[in-house]
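Colleague:
There are 2 protein chains.
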Amino acid sequence: MTTYPNMHDVDTVACVGIGTIGGGWAAYFLSRGFRVQAWDPAPDAAAKLGRLIAAAWPALTELGLAPNADKDNWSVHAELADAVAGVGFIQESAPEVLDLKLDLLARIDAAAAPGVVVGSSTSGYGMSELNTRAASPARLVVGHPFNPPYLIPLVEVAGGEGTDPAAVAWASQWYDFIGKSVITMDREVPGFIANRLQEALWREALHMVDNGEATVEQIDLAITDGPGLRWPLQGPMLTFHLAGGQGGMAHMLDHFGPSLKSPWTRLEAPELTEKLRQDVIDGCDEEAAGRSIDELISARDAGIIAIRRALAQLQGGN
Amino acid sequence: MTTYPNMHDVDTVACVGIGTIGGGWAAYFLSRGFRVQAWDPAPDAAAKLGRLIAAAWPALTELGLAPNADKDNWSVHAELADAVAGVGFIQESAPEVLDLKLDLLARIDAAAAPGVVVGSSTSGYGMSELNTRAASPARLVVGHPFNPPYLIPLVEVAGGEGTDPAAVAWASQWYDFIGKSVITMDREVPGFIANRLQEALWREALHMVDNGEATVEQIDLAITDGPGLRWPLQGPMLTFHLAGGQGGMAHMLDHFGPSLKSPWTRLEAPELTEKLRQDVIDGCDEEAAGRSIDELISARDAGIIAIRRALAQLQGGN
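Same order as they appear, the protein sequences are chains Y and C. For the record, in the first sequence the residue sitting at position 187 is 186 according to numbering that gives the first Met the number 0, with numbers rising by one throughout. For the record, in the second sequence the residue sitting at position 2 is 1 according to numbering that gives the first Met the number 0, with numbers rising by one throughout.
1) Taking only beta-carbon positions, decide if C/S261 is within less than 9 angstroms of chain A.
2) Please report how far the alpha carbon of Y/T11 lies from the alpha carbon of C/A298, in whole angstroms.
3) For the segment 211-219 of chain Y and the segment 143-156 of chain Y, state whether three or more C-beta atom pairs, one from each stretch, are separated by less than 8 angstroms.
4) Are any of the Cβ atoms in chain C nearer than 9 angstroms to that of Y/Q233?
5) How many angstroms separate the CA atom of Y/G190 from the CA atom of Y/W73?
6) Since C/T19 meets chain Y, which of its residues come closer than 7 angstroms, beta carbon to beta carbon?
7) Report yes if the C-beta distance between Y/P231 and C/L237 is below 9 angstroms; otherwise report no.
8) Measuring straight from C-alpha to C-alpha, what distance separates Y/K47 and Y/A301?
9) Between which residues of its own chain and Y/I303 is the CB-CB distance below 6 angstroms, once the five residues before and five after are set aside?
10) Is the CB-CB distance between C/L295 and C/H250 below 9 angstroms?
11) So C/A25 packs on C/V35, CB below 8 angstroms; how close in whole Å?
12) Helix or strand or just coil, what does DSSP make of Y/T11?
13) Rounded to whole angstroms, how far is the Cβ of C/G87 from the Cβ of C/P4, which I believe are closer than 8 angstroms?
14) Since Y/D81 meets chain C, which of its residues come closer than 9 angstroms, beta carbon to beta carbon?
15) Would you grab the beta carbon distance between Y/V15 and Y/L79 for me? Rounded to a whole angstrom, and I think it's under 8 angstroms.
16) Quick check on the DSSP output: the alpha helix (DSSP H) that includes Y/T238 runs from which residue to which?
17) Going by C-alpha distance, which of Y/R308, Y/T264, Y/F145 and Y/V115 is nearest Y/T2?
18) Using three-state DSSP, classify C/N317 as helix, strand or coil.
19) Using a beta-carbon distance below 9 angstroms, is C/A25 in contact with chain Y?
20) I'd like to know whether the C-beta of C/G49 is nearer than 9 angstroms to at least one C-beta of chain Y.
21) So with CB distances below 7 angstroms, who are the chain C contacts of Y/S258?
22) Measuring only from the beta carbon, is C/G159 closer than 8 angstroms to any heavy atom that is part of the ligand FAD?
23) Let me know the secondary structure DSSP gives Y/E286 once reduced to three states.
24) What are the uninterrupted segments assigned as beta strand (DSSP E) that are 3 or more residues long and contained completely in the segment 112-154 of chain Y, given in chain order?
25) Let me check understanding here. Comparing Cα to Cα, which of C/R50, C/A165 and C/D284 lies closest to C/G246?
26) If we call anything under 9 angstroms between Cβ atoms a contact, is Y/D71 one with Y/G32?
27) Can the beta-carbon of C/V141 be found closer than 9 angstroms to that of C/E160?
28) Identify the contact partners of Y/A53 in chain C, using a Cβ-Cβ distance below 9 angstroms as the criterion.
29) If we ignore side chains and look at the alpha-carbon of each, how far apart do Y/L313 and Y/L103 end up?
30) Determine, for Y/S354, whether the minimum Cβ-Cβ distance to residues of chain C falls below 9 angstroms.
31) How should C/H206 be labelled, buried or exposed, when 16 other C-beta atoms within 10 angstroms of its C-beta is the threshold for buried?
32) Leaving out five residues on either side along the sequence, give the residues of the same chain with a beta carbon under 6 angstroms from the beta carbon of C/P113.
33) With distances taken between CB atoms, is the gap from Y/I177 to Y/Y27 smaller than 9 angstroms?
34) Taking a contact to mean a Cβ-Cβ separation below 9 angstroms, would you say Y/T162 touches Y/P144 in this structure?
35) How big is the Cα-Cα spacing for Y/K260 and Y/E267?
36) Between which two residues does the beta strand (DSSP E) carrying C/Q90 extend?
Spelled out as structure tokens, the structure:
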């Protein structure tokens with residue numbers, strides 16, 4: 000049985016691939032007080048990473064640095080083996096090219112000490128597709144961030160065939176430990192969760208442009224000045240929980256359920272079975288965690304005001 | 000040719016239907032300094048409206064009241080004709096029941112002075128479906144708000160068959176005049192724009208719950224801590240404009256275009272024709288209005304930080 004590192008002892012991590020995503024990870028790790036060892040085949044990788052860290056550092060400072068954070072505590076190595084030597088975790092963020100990732104993950108695995116978990120930033124591939132060339136696929140997991148990784152908390156974690164469930168658990172705890180918001184998926188779903196939701200919205204938007212139903216600018220305004228103002232506070236589920244008034248999601252589904260048959264998007268809805276209805280209602284109740292509809296409304300309104308005021312201040316408004 | 004009111008002379012508006020949406024409109028109109036005359040068949044309508052205004056007023060105060068705003072400057076009338084007498088604009092927010100709305104809009108139209116525009120809060124019907132019983136459908140338009148109407152700026156405006164284009168233009172200017180963010184649609188599209196986008200996301204989410212691919216809580220976390228943090232700042236189009244690096248949307252479409260064929264959502268994408276590609280690129284360029292990718296990234300990052308800090312303060316965090 001593999002022993003994974005005690006994460007409290009980890010002081011150095013490796014970033015393999017330091018473009019926009021990998022470099023963003025590097026900046027984030029530095030802000031949490033880790034030393035970063037990086038590898039990237041680009042000849043100007045070190046210069047680029049330096050610029051990216053310098054650009055991200057004011058934001059990271061504003062959000063709060065770890066006491067021992069040092070923005071210069073990084074090195075770029077010519078050899079992959081040197082970059083992963085002695086580290087407690089490895090984040091791979093190579094371009095989304097299957098053959099390249101297959102090869103790179105196998106090389107990382109060959110060079111890294113046993114028990115060191117490797118998180119892949121892949122946004123498109125499941126780990127079962129990525130780990131087939133690695134000698135020890137057990138420690139390879141998906142750790143999918145959102146751009147920019149130093150500002151957006153979400154990381155989606157999933158294993159694949161051959162992944163050790165303990166490695167998935169370790170990765171989830173690790174990302175949580177370093178301050179990310181973690182979703183641990185118990186299966187491989189193309190696009191994971193956030194990208195599937197985002198992709199549905201994006202595809203409907205493309206259809207609307209394609210059919211002359213809306214302009215690019217109208218689509219963006221519809222989100223930024225409409226439901227987008229609620230989404231950093233309450234996701235689509237809790238949003239509709241509140242759309243049901245005091246009856247919450249149950250009332251919402253009973254009242255608006257028939258609208259799932261309406262041609263309000265090109266995506267056909269699932270049949271609203273009794274089981275689906277109950278699953279959604281129960282999920283909202285769990286998420287509400289005892290907060291009443293009125294409490295959730297107050298929280299939403301306070302959040303929208305805070306967001307609108309913060310953005311108005313940025314724009315030099317009131 | 001119909002003469003519409005000079006909106007600078009409007010001092011009183013009518014709210015017909017004062018549930019959550021109509022009452023929210025009433026609170027908003029009061030905050031902008033208007034007198035509100037309301038009508039609603041519920042026996043306790045006045046008491047409910049008083050509570051709703053009282054609950055909304057602190058938020059409205061924080062966002063900034065018009066100098067002459069008075070939270071008590073409203074009345075609820077037993078007769079519809081009395082509610083719409085002498086007003087410069089009428090907002091209809093009755094329940095989403097077709098026969099009821101058909102009848103009510105005809106009655107409002109019969110009672111209101113000529114040239115007074117009626118905006119319907121309908122979220123589901125096009126105006127062509129709603130105006131068929133009215134004697135003068137020309138002044139009936141959709142003015143679709145988002146909940147809560149006193150906090151979310153978006154209003155989608157659209158006419159239907161028989162609507163005077165000048166009434167649509169007047170309504171758009173009116174909502175803009177009172178401080179809303181207005182999208183004027185040049186055709187009737189079921190779900191308008193924001194609800195279509197929101198509905199696509201919601202239906203994909205329901206499919207995921209239905210198939211056990213994600214829990215309700217994971218779906219909400221995926222949005223609130225992921226792409227949702229970007230959406231009050233930059234909509235889905237501008238978000239992907241930045242995903243293309245310095246090459247912007249053109250690079251994004253050329254690089255990720257093939258992923259439109261990926262099974263990342265149940266919604267099939269349109270064919271990425273040369274015309275669609277160019278329309279999306281041109282739309283992003285127009286929306287960017289000369290701002291460089293770097294400037295847009297800085298604005299996004301500053302916005303995300305502002306939002307995260309504002310929400311952390313609300314939660315008693317850093």
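Heads up, the beta-carbon is just placed ideally off N, CA and C, and yes, glycines get one too.
Modeller: In terms of the structure at hand:
1) Protein chains Y and C are contained in the structure displayed, whereas chain A is not.
2) Reading the first sequence from its first residue, position 12 is the one you call residue 11 of chain Y. Reading the second sequence from its first residue, position 299 is the one you call residue 298 of chain C. Looking at the two C-alpha atoms, the distance is approximately 32 angstroms.
3) no
4) Locating residue 233 of chain Y in the first sequence gives position 234, where the first residue counts as 1. Yes, its Cβ sits closer than 9 angstroms to a Cβ of chain C.
5) To locate residue 190 of chain Y, count along the first sequence from 1; it is residue 191. To locate residue 73 of chain Y, count along the first sequence from 1; it is residue 74. When rounded, the distance between both Cα atoms is 32 angstroms.
6) On the second sequence, position 20 is the one that residue 19 of chain C refers to. Simply G244.
7) Counting from one through the first sequence, the residue named residue 231 of chain Y turns up at place 232. Counting from one through the second sequence, the residue named residue 237 of chain C turns up at place 238. No, the pair does not count as a contact, with Cβ atoms beyond the cut-off.
8) Here the question's residue 47 of chain Y lines up with position 48 in the first sequence. Here the question's residue 301 of chain Y lines up with position 302 in the first sequence. Straight through space, the alpha carbons of Y/A301 and Y/K47 are spaced by roughly 40 angstroms.
9) One-based indexing of the first sequence puts residue 303 of chain Y at position 304. Contacts found: L228.
10) Residue 295 of chain C sits at position 296 when you count from the first residue of the second sequence. Residue 250 of chain C sits at position 251 when you count from the first residue of the second sequence. No, they are not a contact pair.
11) The residue given as residue 25 of chain C occupies position 26 in the second sequence. The residue given as residue 35 of chain C occupies position 36 in the second sequence. Contact between C/A25 and C/V35 holds, with the beta-carbon distance rounding to 5 angstroms and staying under 8 angstroms.
12) In the first sequence, residue 11 of chain Y corresponds to position 12, counting from 1. In the structure shown, Y/T11 sits in a strand (DSSP, three-state: E or B).
13) Locating residue 87 of chain C in the second sequence gives position 88, where the first residue counts as 1. Locating residue 4 of chain C in the second sequence gives position 5, where the first residue counts as 1. Cβ-Cβ separation between C/G87 and C/P4: approximately 5 angstroms, consistent with a contact (criterion under 8 angstroms).
14) For the purposes of this step, residue 81 of chain Y is taken as the residue at position 82 of the first sequence. Going along chain C, no residue has its Cβ under 9 angstroms from Y/D81, so there is no contact; the nearest lies around 28 angstroms.
15) Indexing the first sequence from 1 puts residue 15 of chain Y at position 16. Indexing the first sequence from 1 puts residue 79 of chain Y at position 80. In this structure Y/V15 touches Y/L79 by the C-beta definition: roughly 7 angstroms separates them, less than 8 angstroms.
16) Counting from 1 along the first sequence, the entry for residue 238 of chain Y is found at position 239. That run of the alpha helix (DSSP H) goes P235 to A242.
17) Locating residue 2 of chain Y in the first sequence gives position 3, where the first residue counts as 1. Taking only the C-alpha atoms, the option nearest Y/T2 is Y/V115.
18) For the purposes of this step, residue 317 of chain C is taken as the residue at position 318 of the second sequence. Note on C/N317: pLDDT 42, under 50, position unreliable in the model; the coordinate value appears next. Of the three classes helix, strand and coil, the one that applies to C/N317 here is coil, per DSSP.
19) Working through the second sequence from its first residue, we reach residue 25 of chain C at position 26. Taking Cβ atoms only, chain Y never reaches closer than 9 angstroms to C/A25, which makes this a no.
20) Counted from its first residue, the second sequence places residue 49 of chain C at position 50. Chain Y contact via Cβ: absent.
21) The sequence position of residue 258 of chain Y within the first sequence is 259, counting from 1. Chain C residues near Y/S258: G123.
22) With respect to the ligand FAD, the structure offers nothing, as it holds no ligand at all.
23) Sequence index remark: in the first sequence, residue 286 of chain Y carries index 287 (1-based). Helix at Y/E286.
24) 116-119 and 139-144
25) Counting from 1 along the second sequence, the entry for residue 246 of chain C is found at position 247. If we check each option's Cα against that of C/G246, C/D284 comes out closest.
26) On the first sequence, position 72 is the one that residue 71 of chain Y refers to. On the first sequence, position 33 is the one that residue 32 of chain Y refers to. Their beta carbons are not under 9 angstroms apart, which means Y/D71 does not touch Y/G32 by this criterion.
27) Counting from one through the second sequence, the residue named residue 141 of chain C turns up at place 142. Counting from one through the second sequence, the residue named residue 160 of chain C turns up at place 161. No, they are not a contact pair.
28) Reading the first sequence from its first residue, position 54 is the one you call residue 53 of chain Y. Correct list: empty, because the minimum Cβ distance to chain C is about 13 angstroms.
29) Here residue 313 of chain Y is taken as the residue at index 314 of the first sequence, counted from 1. Here residue 103 of chain Y is taken as the residue at index 104 of the first sequence, counted from 1. Using only the alpha carbons, I get a separation of about 42 angstroms.
30) As displayed, chain Y neither begins before 0 nor continues past 317, which places residue 354 of chain Y out of reach and without an answer.
31) Your numbering for residue 206 of chain C matches position 207 in the second sequence. Flag for C/H206 reads buried.
32) Translated into the one-based positions of the second sequence, residue 113 of chain C becomes position 114. So no residue of the chain qualifies.
33) As a position in the first sequence, residue 177 of chain Y is number 178, starting the count at 1. As a position in the first sequence, residue 27 of chain Y is number 28, starting the count at 1. Result yes, Cβ atoms of Y/I177 and Y/Y27 sit closer than 9 angstroms.
34) Your numbering for residue 162 of chain Y matches position 163 in the first sequence. Your numbering for residue 144 of chain Y matches position 145 in the first sequence. Contact flag unset, no.
35) Taking the first residue of the first sequence as 1, we reach residue 260 of chain Y at position 261. Taking the first residue of the first sequence as 1, we reach residue 267 of chain Y at position 268. Those two C-alpha atoms are separated by around 8 angstroms.
36) If you number the second sequence from 1, residue 90 of chain C lands on position 91. From DSSP, the beta strand (DSSP E) with C/Q90 extends over F88 to E91.
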